[in-house]
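In my numbering, the protein residues as written are -2 to 407.
In this text, a Cβ means the ideal position worked out from N, Cα and C, and glycines have one as well.
Because the structure is a prediction, the values reported are computed rather than measured.
The structure appears right after this line, and notes come after that.
This is the structure we're talking about:
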(Lines of atoms letter the chains of each structure in order from A and count residues from 1; the text may use other names and numbers.)
(Lines give C-alpha, C1' and ligand atoms only; values in the text may rest on other atoms or scores of the structure.)
Protein backbone atom coordinates (compact mmCIF):
# COMPACT_ATOMS: atom_id res chain seq x y z
CA UNK A 1 0.00 0.00 0.00
CA UNK A 2 2.97 2.35 0.43
CA UNK A 3 4.71 1.30 -2.77
CA UNK A 4 8.08 1.43 -1.04
CA UNK A 5 10.68 -1.29 -1.70
CA UNK A 6 11.25 -3.68 1.19
CA UNK A 7 14.84 -4.35 0.17
CA UNK A 8 17.30 -4.34 -2.68
CA UNK A 9 16.51 -5.96 -6.00
CA UNK A 10 17.62 -9.61 -6.07
CA UNK A 11 19.41 -10.86 -9.18
CA UNK A 12 19.69 -14.32 -10.69
CA UNK A 13 23.14 -15.02 -9.22
CA UNK A 14 21.72 -15.03 -5.66
CA UNK A 15 22.05 -18.62 -4.42
CA UNK A 16 20.81 -18.20 -0.84
CA UNK A 17 17.88 -20.50 -1.63
CA UNK A 18 20.16 -23.46 -2.35
CA UNK A 19 19.37 -25.22 0.93
CA UNK A 20 15.63 -24.90 0.34
CA UNK A 21 15.91 -26.22 -3.22
CA UNK A 22 18.00 -29.16 -2.01
CA UNK A 23 15.44 -29.96 0.69
CA UNK A 24 12.54 -29.79 -1.76
CA UNK A 25 14.45 -31.98 -4.18
CA UNK A 26 15.11 -34.48 -1.41
CA UNK A 27 11.40 -34.49 -0.58
CA UNK A 28 10.61 -35.53 -4.15
CA UNK A 29 8.90 -32.29 -5.16
CA UNK A 30 10.97 -31.52 -8.26
CA UNK A 31 9.07 -33.67 -10.83
CA UNK A 32 5.73 -32.00 -10.08
CA UNK A 33 7.28 -28.53 -10.00
CA UNK A 34 8.91 -29.27 -13.35
CA UNK A 35 5.62 -30.52 -14.80
CA UNK A 36 3.76 -27.36 -13.79
CA UNK A 37 6.43 -24.77 -14.60
CA UNK A 38 8.63 -26.37 -17.27
CA UNK A 39 11.63 -25.29 -15.17
CA UNK A 40 14.15 -27.11 -13.05
CA UNK A 41 14.20 -26.57 -9.30
CA UNK A 42 17.05 -24.09 -9.00
CA UNK A 43 17.98 -20.87 -7.25
CA UNK A 44 18.36 -19.28 -10.70
CA UNK A 45 14.60 -18.67 -10.59
CA UNK A 46 12.67 -16.45 -8.18
CA UNK A 47 10.67 -18.63 -5.79
CA UNK A 48 13.46 -19.81 -3.49
CA UNK A 49 14.77 -16.25 -3.25
CA UNK A 50 11.37 -14.99 -2.06
CA UNK A 51 11.03 -17.87 0.39
CA UNK A 52 14.50 -17.17 1.79
CA UNK A 53 13.66 -13.48 2.19
CA UNK A 54 10.50 -14.21 4.18
CA UNK A 55 12.42 -16.63 6.37
CA UNK A 56 15.35 -14.33 7.14
CA UNK A 57 14.10 -10.74 6.77
CA UNK A 58 11.94 -9.77 9.75
CA UNK A 59 10.50 -6.67 8.07
CA UNK A 60 9.49 -8.58 4.93
CA UNK A 61 7.94 -11.34 7.03
CA UNK A 62 5.95 -8.85 9.11
CA UNK A 63 4.62 -7.03 6.03
CA UNK A 64 3.76 -10.37 4.46
CA UNK A 65 1.77 -11.49 7.51
CA UNK A 66 -0.23 -8.27 7.22
CA UNK A 67 -1.06 -9.11 3.58
CA UNK A 68 0.78 -6.05 2.30
CA UNK A 69 3.82 -7.53 0.51
CA UNK A 70 3.84 -7.36 -3.30
CA UNK A 71 6.42 -9.42 -5.18
CA UNK A 72 7.20 -9.22 -8.88
CA UNK A 73 9.89 -9.21 -11.51
CA UNK A 74 11.56 -5.94 -12.52
CA UNK A 75 8.99 -5.19 -15.25
CA UNK A 76 6.16 -5.21 -12.69
CA UNK A 77 8.12 -2.79 -10.49
CA UNK A 78 8.74 -0.45 -13.42
CA UNK A 79 5.10 -0.53 -14.54
CA UNK A 80 3.95 0.09 -10.97
CA UNK A 81 6.05 3.24 -10.79
CA UNK A 82 5.53 4.46 -14.36
CA UNK A 83 1.75 4.30 -13.90
CA UNK A 84 1.96 6.14 -10.58
CA UNK A 85 1.10 2.87 -8.78
CA UNK A 86 -2.10 2.36 -10.73
CA UNK A 87 -1.09 -0.92 -12.42
CA UNK A 88 0.73 -3.89 -10.92
CA UNK A 89 1.10 -6.29 -13.82
CA UNK A 90 3.49 -8.50 -15.73
CA UNK A 91 3.38 -10.74 -18.80
CA UNK A 92 3.69 -14.55 -19.06
CA UNK A 93 7.34 -14.46 -20.19
CA UNK A 94 8.36 -12.84 -16.92
CA UNK A 95 5.85 -14.68 -14.75
CA UNK A 96 7.02 -18.06 -16.01
CA UNK A 97 10.56 -17.44 -14.70
CA UNK A 98 9.48 -17.41 -11.06
CA UNK A 99 8.72 -21.14 -10.45
CA UNK A 100 5.28 -19.96 -9.30
CA UNK A 101 3.48 -19.75 -12.66
CA UNK A 102 1.78 -22.71 -14.33
CA UNK A 103 2.75 -22.70 -18.02
CA UNK A 104 -0.21 -24.91 -18.93
CA UNK A 105 -3.06 -23.10 -17.16
CA UNK A 106 -1.27 -19.72 -17.48
CA UNK A 107 -2.07 -18.67 -13.91
CA UNK A 108 -0.24 -18.27 -10.61
CA UNK A 109 -0.39 -21.75 -9.11
CA UNK A 110 -1.36 -22.02 -5.43
CA UNK A 111 0.19 -25.49 -5.23
CA UNK A 112 3.53 -24.03 -6.27
CA UNK A 113 3.17 -21.25 -3.73
CA UNK A 114 2.40 -23.87 -1.09
CA UNK A 115 5.42 -25.97 -2.05
CA UNK A 116 7.72 -22.99 -1.40
CA UNK A 117 6.03 -22.09 1.88
CA UNK A 118 4.44 -18.98 0.41
CA UNK A 119 0.88 -19.63 1.62
CA UNK A 120 -0.98 -19.48 4.91
CA UNK A 121 -3.45 -22.29 4.37
CA UNK A 122 -4.92 -21.55 0.95
CA UNK A 123 -4.09 -17.85 1.08
CA UNK A 124 -0.90 -16.55 -0.59
CA UNK A 125 1.54 -14.76 1.71
CA UNK A 126 2.50 -12.42 -1.13
CA UNK A 127 0.62 -10.37 -3.68
CA UNK A 128 1.61 -11.29 -7.22
CA UNK A 129 1.07 -9.08 -10.30
CA UNK A 130 -1.79 -9.46 -12.74
CA UNK A 131 -0.66 -11.38 -15.83
CA UNK A 132 -1.45 -9.76 -19.19
CA UNK A 133 -0.49 -10.72 -22.74
CA UNK A 134 2.92 -9.51 -23.91
CA UNK A 135 1.22 -7.35 -26.55
CA UNK A 136 -1.35 -5.90 -24.12
CA UNK A 137 -1.63 -2.38 -22.71
CA UNK A 138 -0.14 -1.96 -19.24
CA UNK A 139 -1.60 1.38 -18.21
CA UNK A 140 -0.34 4.79 -19.24
CA UNK A 141 2.15 7.44 -18.22
CA UNK A 142 2.28 11.21 -18.22
CA UNK A 143 5.30 12.92 -19.75
CA UNK A 144 6.14 16.58 -19.28
CA UNK A 145 5.54 18.51 -22.47
CA UNK A 146 3.22 15.90 -23.98
CA UNK A 147 -0.53 16.42 -24.01
CA UNK A 148 -2.57 13.57 -22.60
CA UNK A 149 -1.25 10.17 -21.54
CA UNK A 150 1.02 7.73 -23.36
CA UNK A 151 0.07 4.04 -23.23
CA UNK A 152 2.55 1.37 -22.14
CA UNK A 153 2.22 -1.35 -24.78
CA UNK A 154 4.44 -4.40 -25.01
CA UNK A 155 6.09 -6.12 -22.07
CA UNK A 156 8.37 -9.10 -22.50
CA UNK A 157 11.37 -10.77 -20.91
CA UNK A 158 14.79 -9.89 -22.29
CA UNK A 159 15.60 -13.10 -24.17
CA UNK A 160 12.00 -13.67 -25.18
CA UNK A 161 11.79 -10.21 -26.71
CA UNK A 162 15.04 -10.87 -28.57
CA UNK A 163 13.53 -14.01 -30.10
CA UNK A 164 10.58 -11.96 -31.34
CA UNK A 165 12.87 -9.14 -32.44
CA UNK A 166 14.89 -11.64 -34.50
CA UNK A 167 11.72 -12.59 -36.38
CA UNK A 168 11.88 -16.18 -35.11
CA UNK A 169 8.12 -16.64 -35.27
CA UNK A 170 7.98 -20.27 -36.42
CA UNK A 171 8.81 -23.60 -34.81
CA UNK A 172 12.43 -24.60 -35.40
CA UNK A 173 13.73 -21.03 -35.49
CA UNK A 174 16.31 -20.34 -32.82
CA UNK A 175 18.35 -17.47 -31.40
CA UNK A 176 21.18 -16.95 -28.97
CA UNK A 177 21.64 -13.67 -27.13
CA UNK A 178 25.24 -13.13 -26.01
CA UNK A 179 26.17 -11.00 -23.04
CA UNK A 180 27.77 -11.68 -19.68
CA UNK A 181 26.06 -15.03 -20.01
CA UNK A 182 23.91 -16.27 -22.85
CA UNK A 183 20.38 -17.45 -23.50
CA UNK A 184 19.50 -19.86 -26.26
CA UNK A 185 15.84 -20.16 -27.24
CA UNK A 186 14.22 -22.53 -29.72
CA UNK A 187 10.67 -21.79 -30.90
CA UNK A 188 8.66 -25.02 -30.48
CA UNK A 189 5.26 -23.69 -31.55
CA UNK A 190 1.93 -23.60 -29.74
CA UNK A 191 2.20 -26.82 -27.69
CA UNK A 192 4.11 -27.04 -24.37
CA UNK A 193 6.30 -30.02 -25.30
CA UNK A 194 8.26 -31.85 -22.62
CA UNK A 195 11.82 -30.47 -22.70
CA UNK A 196 14.93 -32.67 -22.86
CA UNK A 197 16.91 -33.10 -19.63
CA UNK A 198 18.74 -29.95 -18.56
CA UNK A 199 16.63 -27.69 -20.80
CA UNK A 200 13.62 -25.72 -19.60
CA UNK A 201 10.23 -25.10 -21.16
CA UNK A 202 9.31 -21.44 -21.23
CA UNK A 203 6.78 -19.10 -22.79
CA UNK A 204 8.22 -17.24 -25.76
CA UNK A 205 5.45 -14.64 -25.80
CA UNK A 206 1.69 -14.27 -25.68
CA UNK A 207 -0.33 -12.23 -28.14
CA UNK A 208 -3.83 -12.00 -29.57
CA UNK A 209 -3.34 -15.29 -31.41
CA UNK A 210 -2.28 -17.21 -28.31
CA UNK A 211 0.88 -18.42 -26.59
CA UNK A 212 4.11 -19.48 -28.26
CA UNK A 213 6.34 -21.86 -26.31
CA UNK A 214 10.11 -22.26 -26.40
CA UNK A 215 12.86 -24.50 -25.13
CA UNK A 216 15.47 -22.42 -23.35
CA UNK A 217 18.92 -22.90 -21.94
CA UNK A 218 20.80 -20.30 -19.93
CA UNK A 219 24.60 -20.28 -19.94
CA UNK A 220 26.17 -18.58 -16.93
CA UNK A 221 29.46 -17.35 -18.38
CA UNK A 222 30.19 -16.41 -22.00
CA UNK A 223 31.23 -12.80 -22.56
CA UNK A 224 32.22 -12.72 -18.90
CA UNK A 225 34.77 -15.47 -19.57
CA UNK A 226 36.64 -13.36 -22.11
CA UNK A 227 36.42 -10.39 -19.73
CA UNK A 228 38.00 -12.54 -16.99
CA UNK A 229 40.93 -13.44 -19.22
CA UNK A 230 41.43 -9.74 -19.97
CA UNK A 231 40.90 -8.26 -16.50
CA UNK A 232 42.14 -11.01 -14.18
CA UNK A 233 44.88 -12.59 -16.27
CA UNK A 234 45.81 -9.46 -18.23
CA UNK A 235 46.41 -11.41 -21.44
CA UNK A 236 45.02 -8.78 -23.83
CA UNK A 237 43.71 -5.23 -23.84
CA UNK A 238 40.90 -5.10 -26.40
CA UNK A 239 38.41 -7.54 -27.87
CA UNK A 240 39.83 -6.79 -31.32
CA UNK A 241 43.26 -7.89 -30.09
CA UNK A 242 41.82 -11.07 -28.58
CA UNK A 243 40.04 -11.94 -31.82
CA UNK A 244 43.16 -11.39 -33.91
CA UNK A 245 45.40 -13.44 -31.64
CA UNK A 246 42.94 -16.33 -31.46
CA UNK A 247 42.45 -16.35 -35.23
CA UNK A 248 46.21 -16.31 -35.87
CA UNK A 249 46.63 -19.75 -34.31
CA UNK A 250 46.29 -22.78 -36.57
CA UNK A 251 44.30 -24.63 -33.89
CA UNK A 252 43.54 -24.55 -30.17
CA UNK A 253 46.54 -26.68 -29.26
CA UNK A 254 44.33 -29.00 -27.24
CA UNK A 255 43.61 -26.25 -24.68
CA UNK A 256 40.05 -25.98 -23.32
CA UNK A 257 38.64 -23.55 -20.75
CA UNK A 258 35.55 -24.61 -18.80
CA UNK A 259 34.17 -21.33 -17.39
CA UNK A 260 32.40 -22.61 -14.28
CA UNK A 261 32.97 -19.36 -12.38
CA UNK A 262 29.37 -19.49 -11.10
CA UNK A 263 28.89 -23.18 -11.68
CA UNK A 264 27.56 -24.45 -14.99
CA UNK A 265 24.12 -23.61 -16.30
CA UNK A 266 22.14 -25.51 -18.90
CA UNK A 267 22.26 -28.32 -19.76
CA UNK A 268 24.55 -29.40 -16.89
CA UNK A 269 23.16 -27.32 -13.98
CA UNK A 270 26.14 -28.00 -11.74
CA UNK A 271 26.83 -25.88 -8.66
CA UNK A 272 29.81 -25.88 -6.34
CA UNK A 273 32.36 -26.59 -9.07
CA UNK A 274 35.38 -24.61 -10.21
CA UNK A 275 36.47 -23.32 -13.59
CA UNK A 276 39.43 -25.02 -15.17
CA UNK A 277 41.88 -24.74 -18.05
CA UNK A 278 42.70 -28.18 -19.42
CA UNK A 279 45.30 -29.41 -21.89
CA UNK A 280 48.15 -27.01 -21.20
CA UNK A 281 51.59 -28.11 -22.37
CA UNK A 282 55.04 -26.58 -22.71
CA UNK A 283 54.05 -25.34 -26.15
CA UNK A 284 50.91 -23.57 -24.89
CA UNK A 285 50.91 -19.78 -25.00
CA UNK A 286 48.76 -16.94 -23.76
CA UNK A 287 47.12 -16.95 -27.19
CA UNK A 288 45.92 -20.52 -26.62
CA UNK A 289 44.23 -19.45 -23.38
CA UNK A 290 42.58 -16.51 -25.15
CA UNK A 291 41.36 -18.81 -27.90
CA UNK A 292 40.11 -21.37 -25.37
CA UNK A 293 38.06 -18.66 -23.66
CA UNK A 294 36.46 -17.58 -26.94
CA UNK A 295 35.85 -21.16 -28.09
CA UNK A 296 34.19 -22.02 -24.76
CA UNK A 297 31.30 -19.75 -25.74
CA UNK A 298 30.59 -21.77 -28.88
CA UNK A 299 31.08 -25.12 -27.15
CA UNK A 300 28.48 -24.24 -24.51
CA UNK A 301 25.99 -23.22 -27.20
CA UNK A 302 26.67 -26.49 -29.01
CA UNK A 303 25.95 -28.45 -25.82
CA UNK A 304 22.53 -26.82 -25.68
CA UNK A 305 21.74 -27.22 -29.36
CA UNK A 306 22.64 -30.91 -29.20
CA UNK A 307 20.44 -31.42 -26.16
CA UNK A 308 17.48 -29.53 -27.64
CA UNK A 309 17.71 -31.51 -30.87
CA UNK A 310 17.10 -34.69 -28.88
CA UNK A 311 13.42 -33.72 -29.11
CA UNK A 312 12.59 -35.01 -32.57
CA UNK A 313 9.29 -33.12 -32.78
CA UNK A 314 11.07 -29.79 -33.33
CA UNK A 315 14.66 -29.42 -34.52
CA UNK A 316 16.67 -26.25 -34.99
CA UNK A 317 16.78 -25.01 -38.59
CA UNK A 318 19.10 -22.03 -38.21
CA UNK A 319 20.74 -19.99 -35.48
CA UNK A 320 20.22 -16.23 -35.15
CA UNK A 321 22.55 -14.36 -32.82
CA UNK A 322 22.73 -10.95 -31.19
CA UNK A 323 24.73 -9.15 -28.53
CA UNK A 324 28.18 -7.60 -28.25
CA UNK A 325 30.25 -10.79 -28.78
CA UNK A 326 28.75 -11.18 -32.27
CA UNK A 327 31.27 -8.55 -33.41
CA UNK A 328 33.96 -11.22 -32.99
CA UNK A 329 34.18 -12.77 -36.47
CA UNK A 330 36.43 -15.59 -35.27
CA UNK A 331 33.83 -16.57 -32.66
CA UNK A 332 30.96 -16.42 -35.15
CA UNK A 333 32.75 -18.63 -37.68
CA UNK A 334 33.78 -21.09 -34.98
CA UNK A 335 30.19 -21.16 -33.73
CA UNK A 336 28.90 -22.08 -37.20
CA UNK A 337 31.63 -24.70 -37.50
CA UNK A 338 31.02 -26.40 -34.16
CA UNK A 339 27.20 -26.24 -34.21
CA UNK A 340 27.21 -27.27 -37.89
CA UNK A 341 24.46 -24.77 -38.63
CA UNK A 342 24.36 -21.44 -40.50
CA UNK A 343 24.69 -18.50 -38.12
CA UNK A 344 22.98 -15.19 -38.89
CA UNK A 345 24.02 -12.04 -37.03
CA UNK A 346 21.37 -9.45 -36.23
CA UNK A 347 21.74 -6.02 -37.78
CA UNK A 348 21.37 -4.32 -34.39
CA UNK A 349 22.68 -5.18 -30.93
CA UNK A 350 19.61 -4.11 -28.94
CA UNK A 351 17.32 -6.78 -30.33
CA UNK A 352 15.29 -7.10 -27.12
CA UNK A 353 14.23 -3.45 -27.44
CA UNK A 354 13.29 -4.09 -31.06
CA UNK A 355 11.19 -7.07 -29.96
CA UNK A 356 8.98 -5.08 -27.59
CA UNK A 357 8.79 -2.29 -30.17
CA UNK A 358 7.43 -4.90 -32.58
CA UNK A 359 4.74 -5.82 -30.03
CA UNK A 360 3.77 -2.19 -29.57
CA UNK A 361 3.80 -1.54 -33.32
CA UNK A 362 1.56 -4.51 -34.07
CA UNK A 363 -0.90 -3.49 -31.36
CA UNK A 364 -1.14 0.09 -32.64
CA UNK A 365 -1.15 -0.63 -36.37
CA UNK A 366 2.32 0.74 -37.08
CA UNK A 367 3.22 -2.69 -38.48
CA UNK A 368 0.77 -4.63 -40.64
CA UNK A 369 1.56 -8.17 -39.55
CA UNK A 370 4.43 -10.52 -38.77
CA UNK A 371 5.33 -10.78 -42.44
CA UNK A 372 6.02 -7.05 -42.27
CA UNK A 373 8.21 -7.65 -39.22
CA UNK A 374 10.19 -10.33 -41.04
CA UNK A 375 11.04 -7.76 -43.70
CA UNK A 376 12.37 -5.50 -40.95
CA UNK A 377 14.42 -8.25 -39.28
CA UNK A 378 17.56 -7.80 -41.32
CA UNK A 379 20.88 -9.55 -40.72
CA UNK A 380 24.27 -7.87 -40.78
CA UNK A 381 26.26 -10.98 -41.60
CA UNK A 382 26.04 -14.73 -41.95
CA UNK A 383 28.46 -17.62 -41.46
CA UNK A 384 28.31 -21.16 -42.81
CA UNK A 385 30.10 -24.25 -41.45
CA UNK A 386 33.55 -24.63 -43.01
CA UNK A 387 35.22 -27.58 -41.24
CA UNK A 388 34.97 -31.33 -41.79
CA UNK A 389 32.78 -33.61 -39.71
CA UNK A 390 35.94 -35.32 -38.41
CA UNK A 391 37.46 -32.02 -37.24
CA UNK A 392 34.18 -31.04 -35.59
CA UNK A 393 33.90 -34.30 -33.68
CA UNK A 394 37.53 -34.08 -32.57
CA UNK A 395 36.90 -30.63 -31.09
CA UNK A 396 33.70 -31.79 -29.42
CA UNK A 397 35.50 -34.77 -27.91
CA UNK A 398 38.15 -32.52 -26.38
CA UNK A 399 35.46 -30.27 -24.93
CA UNK A 400 33.45 -33.19 -23.52
CA UNK A 401 36.55 -34.53 -21.79
CA UNK A 402 37.17 -31.11 -20.24
CA UNK A 403 33.55 -30.81 -19.06
CA UNK A 404 33.52 -34.36 -17.72
CA UNK A 405 36.70 -33.74 -15.73
CA UNK A 406 35.10 -30.72 -14.03
CA UNK A 407 31.86 -32.55 -13.27
CA UNK A 408 33.73 -35.60 -12.02
CA UNK A 409 35.71 -33.51 -9.53
CA UNK A 410 32.63 -31.72 -8.17
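From the DSSP output, in three-state form, read off residue 202 for me.
Strand, per DSSP.
Given 8 Å as the limit, is there contact between the stretch 311 to 321 and the stretch 280 to 293, that is, 3 or more CB pairs closer than that?
Verdict: no, contact absent.
Is the number of C-beta pairs between the stretch 197 to 211 and the stretch 235 to 255 that are closer than 8 Å three or more?
At 8 Å Cβ cutoff, the stretches do not touch.
Taking the DSSP output, what are the residues bridged to residue 207?
For residue 207, which the question treats as bridged, DSSP gives the partners 204.
Buried or exposed (CB count within 10 angstroms, at least 16 for buried), residue 379
So residue 379 ends up on the exposed side.
May I have a chain-ordered list of the beta strand (DSSP E) segments no shorter than 3 residues that lie completely inside the stretch 269 to 341?
Here the runs fully enclosed are 273 to 275 and 315 to 319.
Can you check the stretch 91 to 172 for any beta strand (DSSP E) of at least 3 residues that lies completely inside it and give the ranges in chain order?
134 to 138 and 147 to 150, all fully within the stretch 91 to 172.
Which first and last residues belong to the beta strand (DSSP E) in which residue 64 is found?
Run containing residue 64: none; DSSP gives neither H nor E here.
Check for me: the alpha helix (DSSP H) holding residue 353 runs from which residue to which?
In the DSSP assignment, residue 353 falls within the alpha helix (DSSP H) that extends over 348 to 361.
Residue 209 and residue 227 - do their beta-carbons sit closer together than 8 Å?
Taking 8 Å as the cut-off, the Cβ atoms of residue 227 and residue 209 do not count as close.
Along the alpha helix (DSSP H) that carries residue 229, what are the first and last residues, could you check?
Neither: residue 229 is in no alpha helix (DSSP H) and is coded neither H nor E.
Measuring straight from C-alpha to C-alpha, what distance separates residue 25 and residue 17?
Approximately 13 Å between the Cα atoms of the pair.
Over the uninterrupted beta strand (DSSP E) stretch that includes residue 377, give me the two end residues.
It spans 376 to 380 - the beta strand (DSSP E) in which residue 377 sits, taken as one unbroken run.
On the three-pair Cβ rule with 8 Å, is the stretch 388 to 399 touching the stretch 248 to 266?
Three or more beta-carbon pairs drawn from the stretch 388 to 399 and the stretch 248 to 266 are found closer than 8 Å, and the two stretches are therefore classed as touching.
Return the chain-ordered list of same chain residues with a C-beta closer than 7 Å to the C-beta of residue 92, the five sequence neighbours on each side being excluded.
For residue 92, where only same-chain residues beyond five positions count, the Cβ hits under 7 Å are 98 and 128.
Kindly indicate which residue of 215, 50 and 190 has the alpha-carbon position closest to the one of residue 177.
Relative to the Cα of residue 177, the nearest Cα in the group 215, 50 and 190 belongs to 215.
Which one of 207, 34, 137 and 145 has the shortest CA to CA distance from residue 213?
Cα-wise, what sits closest to residue 213 is 34.
Suppose you measure from the CA of residue 86 to the CA of residue 148; what does that come to, to the nearest Å?
When only Cα atoms are considered, residue 86 and residue 148 end up about 14 Å apart.
Residue 260 by DSSP, collapsed to three states: which one?
Here residue 260 carries a strand assignment [DSSP, helix/strand/coil].
6 Å Cβ shell around residue 166 - same chain, five flanking residues per side excluded
Cβ within range, chain order: 367.
Could you tell me the alpha carbon to alpha carbon distance between residue 330 and residue 240, rounded to whole angstroms?
Going by the C-alpha atoms only, they are around 12 Å apart.
Residue 372 and residue 163: beta carbons closer than 8 Å?
Cβ atoms of residue 372 and residue 163: not closer than 8 Å.
Using DSSP with H/G/I as helix, E/B as strand and the rest coil, what is residue 36?
Of the three classes helix, strand and coil, the one that applies to residue 36 here is coil, per DSSP.
Would you call the CB atoms of residue 131 and residue 74 closer than 8 Å?
If you check the CB distance, residue 131 and residue 74 do not come in under 8 Å.
Residue 171 to residue 405 span [Cα, whole Å]
The alpha-carbon of residue 171 is positioned some 31 Å away from that of residue 405.
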